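These notes are about the structure you will find just below.
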Amino acid sequence: MERKNQNPIIQWIVKTKILGILFFVVIGAFVIYALGQALTNNPSLFLQQVVNGLQLGFVYALIALGYTMIYGIVRLINFAHGDVFMVGAFTSFFTISRFNLHLWFQNLFPSFPAMPAQIIGAITVVLASMAICALLAFTIEKIAYKPLREAPRISALITAIGISFFLEYFGALNFVFTPNYITYKRPFEVKSWFIGPSGFGTIESGVTSPSNSIIFSNIFVIIVLASLSLLLVLQYIVKRTKIGKAMRAVAYDKPTARLMGINSDAVISITFALGAALAGAAGVLYAIAYPQVYFTMGIIPGMKAFVAAVVGGIGSIPGAFIGALIMGQAETLSAAYISTPMRDAIAFSLLVIVLLIRPKGIMGEIASEKV
Amino acid sequence: MKKINKSTIFFLIGAALVYVIVQTLASLKIINTFWETILLLAGVMAIVSLGLNLIYGFNGQFSLGQYGFYAIGAYTAADITYRWTQLHSAEGLTVVFFIAILTAITIVVVQKAVSKIRGLDTLSAFAMYLAVVLAAIFAAVKLGQLVANPITALLNLLPAKTAQMIVYVIAIILGGAIAAEVSFLYGLPILTLGSDYFGIATLGFTIIVKVLLDNSDTMLGFQEMKGARGMIGIPKLTNWTWIFIFLFLTIVFIRNLLNSSYGRAIVSIREDETAATSMGINVPFYKTITFVIGSFLAGMAGGLYAHVNGFLHPNTFSFVKSFDPLIIVVFGGLGSVTGTVTASFGWALVLEGVLRLVLPDGFETWRYVVYPILLLIMMLLKPNGLFGNYEIPFIRSIVPPLKDKANNEKKSEEVA
Amino acid sequence: MMADNKNKTPILELRKLCRYFGGLKAVHEVDLVLEAHALNGLIGPNGSGKTTIFNVITGIYEPTAGEVIFDGQSIGGLNPYVINQMGIARTFQNIRLFPNLTVLDNVRIAYHPYAGYGMNDAVLHNGKFNQKERELTEKAQDFLRVFNLQDRQAEIAKNLPYGEQRRLEIARALASNPKVLLLDEPAAGMNPNEATNLMELIHFIRGKFDLTVLLIEHQMRVVMGICEKITVMDFGEVIARGTAQEVQRDKHVIEAYLGPGADELSKQYLKEKAK
Amino acid sequence: MMLEVEKINVYYGAIHALSDLSFGVNEGEIVALIGANGAGKSTSLKTISGLLHPRDGSIRFLEEEISQTSAEEVVRKGIIHVPEGRKIFAPLTVLENLEMGAFLQTDKGQIECDMRNVFERFPRLKERQNQPGGTLSGGEQQMLAIARGLMSHPKLMLLDEPSMGLAPVLVEQIFEIIREINKQGTSILLVEQNAKMALSIADRAYVLETGNIVLQGNAREVMENPSVIQAYLGG
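First to last, the sequence lines map onto chains A, B, C and D.
Under my numbering, think of the first position of the first sequence as 1, with each following residue one higher.
Under my numbering, think of the first position of the second sequence as 1, with each following residue one higher.
Under my numbering, think of the first position of the third sequence as 1, with each following residue one higher.
Under my numbering, think of the first position of the fourth sequence as 1, with each following residue one higher.
Right under this line is the structure:
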């Protein structure tokens, strides 16, 4: 069993891991070169894609947070999370088109300035969706996951898949959400601006924007603001409140948390509700940005957000956020410069590459198993 | 020689009976085409799920990539038979044949070389494999095109039916082989990831394959696959006999493998990886080989599937569908061959057959509402699956009796 | 096997072995020599680094610094399965059997590298397979017989009582054909009677299979009777070595176990015992 | 008796960890449970604190049956378990760890007051209150674990191997703290392998061997009984 490497060249290859590094360097150099080319060839197009990517990334971030929190606390890949997002979008669709919830403030105080009144209305719509989703996830957790807490982990995963199917196909029934693609009515009017070499200005309807400028709308602003503020709220809850600290304690060490008198079941339920509320908000924002709702709309964004959570390091809240922003960029840039249908493949290739370099994601900590 | 076991006889008789009864009922049209197709699909699903059960149930690797390999097998086999029947050329056959052979050879050669290097990291090894395999594929394509015409002529010497059958069977096996080789390359870097991450990476594989298939005509240049429009014109060659033969062989293969020292090595990794490696089991090797065998079965099943309806669509291989074999394996009981086969047939018959018939008119859409509810109830009632780890006597490993006392003492002295 | 190998050549040697976890020096500059055919003990309070040493020797951890020399070769950082096949087998502190497999299969798995047939034979279940598989099984049953587990061979491992699980784990380790056997607290959780029997059994198999044994124990009493040499660790370092009697009287050892000031108590105890 | 454990049987799967084990703690006492690894000391504590439940037998705390009560409820009744290996919530700061100890305490003023007391007793923790618990040294973590336990105002404190892996100086410090806590009215059930130390502060002691009590009595008696030494150092 002589296993010494005699050849110094081979020894050098092994020691420096040069082949593996080279492999990634080649890929990395190619990507950087391509991005550089894109930026220099048409900077405004490139930056426009970055803006679009940010908009998408911020929505993904809200979904990814739920994935990451739930995985962190019960080690369950909650495949039904994307469908909760769908329910959130549909809830807002109904509250807007059936109940005119977005107009309640305007109707109540007609003399109030239109702009803030619209914002208050929109916020109400988001909050309503968040509440419904939280309630839904709370119920799901009680029925489908809690009884299986002591069962093999795969059982809960299968029920998660089951719940996902159920939400989709129950939603597809004609008296629920219907199996159709439905046009979504936004709770406010869209305004767009341009910014570029020719300055800054509003885009009137029917007028083309000046060339070489980047367009962004109030939707972009709202998504970024809403997403950031929800992130801050979440960060506040997790870092500052008692229940948030309990969540982290349970996620880290459930038996010891129980020894402190923390009711771990209750904490887990709350985590599910919180994650679902964020997914619900994401559903509304997504529907506002891409105004179409349908019963399987949760699958792909859910999947992307999940990938984002893994890329960022599952269990880590800032990680989920960073991962989501990366996913947003990867998706829009690959759609713009490679091909639209390929963007899903690119997203997942990115996932695999990140896992190969950092097996626990960008912000994930590497825990060693005790033998 | 050795006496044939009673359980083996029972199994063979049982299998023969199942075959004959179904075949008779089908030829008498008591089983109509609708139900026959469901049986064929159930058989295909059983092979896919057995592959997954090997990977997940017996080896403990949580894989969601089974449908990716299933798709690769399906499209590979379909392309070979399509070219044979529609274009009257054996080019597909020869090219894929050489790809499979040359890739296998290079993998073995590289493995020999790599195993001599102590401490080589996985990514470097992967980069080496990838470079060499790409070269092999390039050579194989050239070689395959070179011999395509003579082989076509040779096959045309045979009666048309026989030639088609030969092409069909080879196509299915090649479908499996290509899937297996892809799984080797993909598995190499990701098998070192932890369980959940392996699952996510394999899920990614399914999605990447699906996207590539959606664009097979534009990105990959296979016009006949027609991308997201779906591939048509594949000969419908899969019948109950073929399904039965392949399923039978799969079951016997898995049974023999599991009831050997190699099978025990595979299972030991599921049981306790650290203990297994400390007991001299080459864990990375057995993880890889299990993943490759499981993917081979998936690819083979894909080949069979492609020739059931004569139509392939990338949506069949979407990741949502890719949960099906996982559900079946968990349903039947992780680590139970009996359970997987039963669950596959039960699943197909109930979901595709019974639910369609039982639900009243206008309620067809309720099928997928009832299904998850059944799934949920099932999981809550039997979290360990229908069969747990029960096996029928033929598959179950038998603990041999102890030898008589006098013999014993002699033996134990020898050990000393 | 190698009855002539009973000279005093070291078979396993640790040279300034270190293993750190972040800032924690779990094992720090430990030297240890294990002579062929020796039966030595490694003792020390909880958390003193004994198990970490086993994990480094068997390849589960890479050493941070220092060397592990087995049979004249440096094996630090090799894969655990390679180290096992070279001839080092172990048991675990918290019993790591293959819980859902039968007792027989647990032992047969460890014998896998010596199965003697290829995967193709396995798939075909041909004559060679049948013959070799029978030999393998008989061999495994012989190991079970040594540990008085032959009646349990069809039982699922996790259903065995604790003491039998411990014995099965040793049987499994032996089945992997080791030259050196590392036992991690084999008597933990056993009553004094069982522990004594186990120690006698270990002494017996050492002779029967021509093994070199290194034994981790928490209780000194258990190792006293059978170990020729004892190494005592505390806080990742060796604090004493010698025969059982020497170690037992060592001031550092007594304090490590019973706390400072326990020296007096122990002297008093020894005096009493002398009466 | 404050805590009365009577003939409990505890199993891990097929393994019989505790068989017909009985012992008790009186109000205001320090009771030591000593014995070698695997004797069942930690299992006993886990059973009392509700992480495990006995198959039969009874555990009474202040005349109330708690053998099937959940861990969260046991804390509410006034028993706190400081687990083996300290089990600090590594990602949470020292302050947050302490807050978790006071999880069931709703009175904010009370928490603040307790926090002050704890910091007075453990000035080291005050210095490090904003560091993650995982960055503390072994001794500091043990102090934090004890302090965290104190935050719930326990009537009975279960301490599992507080001296494990600590240098002798620190061990003495920890035991001094335990004695003080006891003086202020908290009863203590102490599991230790460091027999000498444990017996030096305990009122009574039980010696455990494979799930059975083999020796019991007041601490002095037990300490002077040669079989204790035998249990560790052999004869």
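Every residue, glycine too, gets a C-beta built ideally from N, C-alpha and C.
Small disclaimer: the values here were computed from a predicted structure and weren't measured.
For a test of the three-state rule: what should DSSP assign to residue i, helix, strand or coil?
i	result
B/Gln86	helix
C/Pro10	strand
B/Val211	helix
B/Phe394	coil
D/Leu21	strand
C/Cys18	strand
Just to make sure I have the definition right: I need the residues of chain A whose C-beta is within less than 7 angstroms of the C-beta of residue i. Which are they?
i	result
B/Ile373	Phe166
B/Pro284	Residues of chain A passing the Cβ test: none, with the nearest at roughly 15 angstroms.
D/Lys87	Asp253 and Thr256
List the whole-angstrom C-beta distance separating residue i from residue j, where the pair is believed to meet the contact cut-off of C-beta under 8 angstroms.
i	j	result
D/Val222	D/Leu199	6 angstroms
D/Ala17	D/Gly211	6 angstroms
A/Tyr67	A/Ala305	6 angstroms
A/Ser392	A/Asp83	Absent from the model: residue 392 of chain A. The displayed extent of chain A is 1 to 371, so no value can be given.
C/Ala115	B/Ser268	About 13 angstroms separates the two Cβ atoms, so there is no contact after all.
B/Ser7	B/Pro393	4 angstroms
D/Val82	D/Ile15	Between D/Ile15 and D/Val82 the Cβ distance is about 25 angstroms, and since that is not below 8 angstroms, they are no contact.
D/Ala102	D/Ser152	6 angstroms
C/Leu42	C/Thr231	5 angstroms
For a contact defined as C-beta to C-beta under 7 angstroms, what are the partners of residue i on chain C?
i	result
D/Gln193	Pro45 and Asn46
Quick one, which of the options has its alpha-carbon nearest residue i's?
i	options	result
A/Phe194	A/Tyr184, A/Asn180, A/Pro187 and A/Asn212	A/Asn212
A/Ala273	A/Met247, A/Lys304, A/Thr183 and A/Tyr252	A/Met247
C/Gln131	C/Tyr111, C/Tyr117 and C/Met233	C/Tyr117
D/Glu161	D/Gln131, D/Met143, D/Asp107 and D/Leu98	D/Met143
C/Leu39	C/Tyr81, C/Ile216 and C/Glu155	C/Ile216
B/Gln23	B/Trp240, B/Ala301, B/Val350 and B/Gln223	B/Trp240
C/His37	C/Phe235, C/Val180, C/Gly23 and C/Asp142	C/Val180
B/Asn256	B/Ser89, B/Ile398 and B/Leu237	B/Ile398
D/Ile178	D/Met100, D/Ile201 and D/Val118	D/Ile201
D/Val74	A/Gly275, A/Thr296 and A/Met260	A/Met260
C/Ile75	C/Arg15, C/Gly47 and C/Leu144	C/Arg15
Residues in the same chain with beta-carbon distance under 7 angstroms from residue i, minus the five sequence neighbours each way, listed in chain order, please.
i	result
A/Ala367	Note that A/Ala367 has pLDDT 49, beneath the 50 cutoff, so the model's placement of it is unreliable and the number below is only indicative. Result list for A/Ala367: empty, nothing under 7 angstroms.
D/Asn182	Ile30 and Ile188
C/Leu341	Here chain C comprises residues numbered 1 to 275, so residue 341 of chain C is not present and cannot be evaluated.
A/Met342	Ser334
D/Gly24	Met1, Leu3, Glu4 and Val5
D/Lys41	Leu33, Gly35, Val191 and Leu208
Excluding sequence positions up to five away, which residues of its chain have a Cβ less than 6 angstroms from the Cβ of residue i?
i	result
B/Ser49	Pro325, Ile328, Val329, Thr340 and Ser344
C/Leu182	Phe54, Arg90 and Leu214
C/Ser176	Asn84, Ala89 and Ala110
C/Phe70	Leu12
D/Val214	Val207
Please list, in chain order, the chain D residues whose beta carbon lies closer than 9 angstroms to that of residue i.
i	result
A/Ala345	Chain D residues near A/Ala345: none, gap ~35 angstroms exceeds 9 angstroms.
How would you list, in chain order, the residues of chain D whose beta-carbon sits under 7 angstroms from the beta-carbon of residue i?
i	result
C/Leu160	Ala14
C/Met233	Going along chain D, no residue has its Cβ under 7 angstroms from C/Met233, so there is no contact; the nearest lies around 12 angstroms.
C/Met190	Thr210
Comparing the C-beta of residue i with each C-beta of chain E, is any distance below 7 angstroms?
i	result
C/Asp105	Chain labels in this structure do not include chain E; the protein chains are A, B, C and D.
Mind pulling the chain A residues with CB within less than 8 angstroms of residue i?
i	result
D/His153	The premise fails here: D/His153 is roughly 11 angstroms from chain A at the closest Cβ pair, so nothing lies under 8 angstroms.
So, for residue i: in the same chain, excluding its five sequence neighbours on each side, which residues have a beta-carbon less than 8 angstroms away from its beta-carbon?
i	result
B/Phe10	Pro393 and Phe394
A/Arg153	Arg75 and Leu76
C/Tyr257	Pro45 and Met220
B/Leu297	Ile47, Val48, Leu50, Gly51, Leu54, Gly176 and Thr250
Please list, in chain order, the chain A residues whose beta carbon lies closer than 9 angstroms to that of residue i.
i	result
D/Ser49	Arg258 and Leu259
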